[in-house]
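Take 0 as the starting number for the sequence shown in numbering that gives the first Met the number 0 and just add one per residue.
By construction, the Cβ of each residue, glycine as well, lies at the ideal position given by its N, Cα and C atoms.
Structure, as structure tokens:
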Amino acid sequence: MIQIRHLTIRHKKDYRILLEDFSLNINPGDKCALIGEEGNGKSTLLKLIYDPALAEDYVEYEGEILRAGERFGYLPQELPAATRQLSIYAYLTETDCFYDQSPGDLAALCAKLGFAPERIYADEPLSALSGGEKIKVQLIRLLIENPTALLLDEPSNDLDIETLLWLEDFIQNSPIPVLYISHDETLLERTANKIVHIEQLRRKTAPRCSVVQTDYASYITQRSLQFEKQEQEARNERRAYDRQQEKFRRIQQKVEHQQNVISRQDPHGAALLKKTMHRVKAYEARFEKEFETMTEMPECEEAMFTRFGSRASIPNGKVVLDFTLDALRVPASPDTQESVVLARNIQLLIQGPEHICITGKNGCGKTTLMRILAAQLLQRTDIKAAYMPQNYEELLDLDQSPVDFLSDGSRQDISRIRTYLGSMKFTADEMTHPMRELSGGQKAKVLLLHLDTSGCDVLLLDEPSRNFSPLSTPVIRRLLAGFKGAIISVSHDRKYIAEVCDKVYTLTAGGLAASGATP
């Protein structure tokens with residue numbers, strides 16, 4: 000069991016409180032989904048539970064985290080830079096549990112995750128792996144350590160659909176408690192039985208955390224219905240209050256008028272009017288006291304809001320891309336000139352404002368293909384393309400602030416960018432923090448604004464929803480579905496594929512094949 004008692008977490012830099020007086024029990028059989036907007040402290044909470052030293056540079060906390068001898072399996076959102084330089088074999092053999100596994104056991108575990116067993120003995124560095132392959136290697140190490148509780152920070156990031164289905168089944172049937180963060184709404188809907196929702200209200204000055212023992216879909220539905228009911232009751236009571244106040248004002252004005260007219264001519268009548276005024280004042284005071292106990296308007300942290308691609312437009316007959324590639328190659332290893340062919344005979348034709356998605360197994364070359372397409376389309380002068388890579392550091396200078404990255408430096412443009420960032424739920428402090436201090440989801444928001452403010456009409460998006468919260472991703476899908484330009488994307492997000500994309504292709508060794516519905 001994991002017990003958290005009266006935990007308060009505070010940022011060292013701006014003293015913003017992320018969690019206040021928070022308590023939680025996680026028991027065997029709990030599949031506890033940690034949700035909330037980007038930058039609200041979800042990853043920080045996982046770090047504090049696993050090892051407080053991971054977060055001590057930027058937060059301070061008070062309260063108790065009782066681990067009761069638990070042996071945690073922790074999957075971080077990003078591997079440390081030093082770890083990424085290790086070979087697969089060196090990384091796996093850092094844990095003594097590796098040597099307790101037979102070759103057959105290791106091969107069976109690799110088969111479940113769709114990872115070639117011979118690769119675990121390779122000198123291939125983790126940095127050379129695709130995003131999904133990095134997750135798979137981490138999961139292999141985590142599972143051979145035989146933990147008694149799992150802490151998973153975005154385990155679904157970049158995984159191919161086959162492995163996502165395995166992950167769903169694994170979490171559903173896990174006998175040990177699982178506390179996890181995921182952007183994948185389908186995974187949340189199919190696995191969670193307890194929800195921990197971290198919110199930051201009133202422009203991130205008032206933290207609130209809800210713990211509910213229910214599934215994700217029921218939580219979202221119940222929360223919405225509860226807020227709607229509370230808001231309706233509050234509005235009805237306020238309308239009744241306003242009507243009563245108007246009644247009091249009319250009576251008061253009438254009595255005051257009568258007092259002014261007859262006070263000197265009829266002292267007896269004036270005394271009666273004075274008593275009437277006292278009664279009116281008494282009624283009003285009593286009603287004001289009742290108003291203090293009226294239903295409050297519900298408070299909730301809204302998902303981000305922005306307009307997107309309002310200037311984009313691609314004519315229906317316009318050839319956006321007519322692409323052929325005989326062989327898709329990647330280096331065989333970082334220190335050799337030899338290459339490996341991942342796919343052959345790739346052909347892709349895009350006309351007009353089509354929204355297409357490329358899927359495929361981890362390591363099949365989707366990101367490599369996207370980089371090639373981006374290099375070609377970014378040079379075109381008849382269209383304006385923009386690229387959102389899977390690795391944000393390819394575009395972002397992490398020492399820059401969001402304002403510096405997005406603006407041209409003029410006072411007018413800085414004001415405009417601050418308005419846009421505010422619509423993305425950035426605080427004034429976060430707008431000027433170095434981007435290395437932001438969460439993955441906040442960096443994704445900065446890139447999304449960069450795409451929009453560049454005025455592009457063709458988007459190349461590599462896993463566009465990977466770091467957004469499950470509360471923000473519906474907004475992202477609506478924005479992209481309404482984009483009037485062309486979209487070329489790589490994604491394994493099943494709701495994104497269903498709601499945004501007109502065509503889906505699977506990258507195979509034989510090229511791009513048209514795909515059917517996703518699971």
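Per the DSSP secondary-structure output, Thr418 pairs with nothing in a beta bridge. For Ser490, there is no enclosing beta strand (DSSP E), as DSSP marks it with neither H nor E. Where Gln2 is concerned, the enclosing beta strand (DSSP E) starts and stops at 1 to 10.
It is roughly 12 Å from the alpha-carbon of Leu395 to the alpha-carbon of Val402.
DSSP places Asp214 in the coil class of the three-state scheme, outside both helix and strand. Taking the C-beta atoms as reference points, Glu353 is found nearer than 8 Å to Lys502. Taking C-beta atoms under 8 Å as the contact rule, Leu178 and Leu45 qualify, at a distance of about 7 Å. Per the coordinates, the alpha-carbon of Glu77 lies some 58 Å from the alpha-carbon of Gln244. Our two residues, Arg83 and Arg370, have alpha carbons roughly 21 Å apart in a direct line. The region 60 to 67 and the region 23 to 41 do not touch, with fewer than three beta-carbon pairs separated by less than 8 Å. Following the DSSP letters along the chain, one finds Tyr88 inside the alpha helix (DSSP H) bounded by residues 87 to 91. With the rule of 3 Cβ pairs closer than 8 Å, the region 142 to 152 counts as touching the region 169 to 184.
Cβ-Cβ distances below 8 Å link Gly359 to Asp159, Lys365, Thr505, Leu506, Thr507 in the same chain, with the five nearest sequence neighbours on each side left out; the list follows chain order. When only Cα atoms are considered, Lys383 and Thr162 end up about 35 Å apart. For the options Ala191, Cys208, Gly103, Cys96, the alpha carbon positioned closest to that of Lys41 is the one of Cys208.
For Glu161, the enclosing alpha helix (DSSP H) covers residues 160 to 172. In the DSSP assignment, Ile16 is bridged to Arg9. The criterion of a C-beta distance shorter than 8 Å is not satisfied by Leu341 and Asp321. Distances from the CA of Leu405 to each of Leu125, Val136, Pro388, Met434 were compared; the closest alpha carbon is that of Met434.
Within the DSSP bridge table, the entry for Asp321 names Leu348 as partners.
With fewer than 16 neighbouring CB atoms inside 10 Å of its own CB, Leu224 falls in the exposed class. Leu186 and Arg238 have their C-alpha atoms roughly 43 Å apart.
Within the same chain, Asn24, Leu65 come within 6 Å of Gln2 by CB-CB distance, once the 5 residues on both sides are set aside.
Apart from sequence neighbours up to five positions away, the residues of its chain that approach Ala115 with a beta-carbon distance below 8 Å are Cys109, ordered along the chain.
Per DSSP, reduced to three states, the secondary structure at Ile355 is strand. Straight-line measurement puts the Cα of Ser173 at about 39 Å from the Cα of Leu458. Within its own chain, the residues whose Cβ lies closer than 8 Å to the Cβ of Ile313, once the five positions on either side in sequence are excluded, are Val319, Gly351, Pro352, Ile382, Asp456, Val457, Lys483, Gly484, Ala485, listed in chain order. In this chain, Gly362 is not harboured by any alpha helix (DSSP H), its DSSP state being neither H nor E. For secondary structure counted as the beta strand (DSSP E) over 3 or more consecutive residues, the region 63 to 129 holds these complete runs in sequence order: 71 to 74. Within the same chain, Cβ atoms closer than 8 Å to the Cβ of Asp398 are found at Pro433, Met434, Arg435, the five residues on either side in sequence being excluded. Residue burial is scored here from C-beta neighbours: Arg410 has fewer than 16 other C-beta atoms within 10 angstroms and is therefore classed as exposed. For Ala508, the secondary structure class from DSSP, reduced to helix, strand or coil, is coil. Residue Phe467 holds the alpha-carbon nearest to the alpha-carbon of Gln441 among Val136, Phe467, Asp241, Arg9. The alpha-carbon of Gly38 is positioned some 19 Å away from that of Ser155. Residue nearest to Ala427 within the set Glu93, Thr204, Asn235 is Thr204 (criterion: CA-CA distance). Spanning the alpha carbons of Thr213 and His196 requires a straight line of approximately 12 Å.
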